[in-house]
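S.K.: If you want our numbering, it's the position in the sequence shown, counting the first as 1, plus 1.
From the three backbone atoms N, C-alpha and C, an ideal C-beta is built for every residue, glycine too.
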Amino acid sequence: MKATLKPAKFNFEDMKAGATNADPGVRKDVFIRYFEQFGEFPSYLFDNENGIDDLLSQTIEDLKKDPTITVAMKKGIDILLGRLPSPDFALSKLA
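(1) Residue 56: which of 19, 70, 14, 13 sits nearest, CA to CA?
(2) Considering residue 79, what are the terminal residues of the alpha helix (DSSP H) in which it resides?
(3) Measure from the alpha carbon of residue 81 to the alpha carbon of each residue in 68, 47, 67, 69, then state which is nearest.
(4) Specify, as a first and last residue, the run of the alpha helix (DSSP H) that residue 60 falls within.
(5) Measure from the alpha carbon of residue 72 to the alpha carbon of each residue in 49, 17, 41, 23, then state which is nearest.
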């Protein structure tokens with residue numbers, strides 16, 4: 002019988018700690034892993050009620066500048082921005 006590798010069990014606390022980490026590289030890696038596992042980027046970890054959170058904004062900018070991200074990830078960024086309560090504010094901040 003062949004052993005199959007199971008994906009790592011999702012750990013919300015670890016993901017939240019990484020996604021809100023002060024190190025932009027750590028945040029970016031967590032966002033990429035989250036996208037690969039769930040097909041979307043997390044916005045619910047940040048307070049975006051009055052505009053896009055600074056850490057989230059920086060992470061999106063880092064992802065958009067990365068030449069290795071996929072077309073699906075680029076679409077995921079657009080979807081993420083569309084989910085934010087104030088997309089006009091978010092888009093103007095990223096321009």
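M.R.: Reading from the atomic positions:
(1) Along the sequence shown, read from residue 1 onward, the residue named residue 56 stands at position 55. Among 19, 70, 14, 13, the Cα nearest to that of residue 56 is on 19.
(2) Position 78 of the sequence shown, counted from the start, is the residue given in the question as residue 79. Note, residue 79: alpha helix (DSSP H), 72-84.
(3) As a position in the sequence shown, residue 81 is number 80, starting the count at 1. Among 68, 47, 67, 69, the Cα nearest to that of residue 81 belongs to 47.
(4) Reading the sequence shown from its first residue, position 59 is the one you call residue 60. Here the alpha helix (DSSP H) through residue 60 covers 55-66.
(5) Translated into the one-based positions of the sequence shown, residue 72 becomes position 71. Residue 72 has its Cα closest to that of 41, out of 49, 17, 41, 23.
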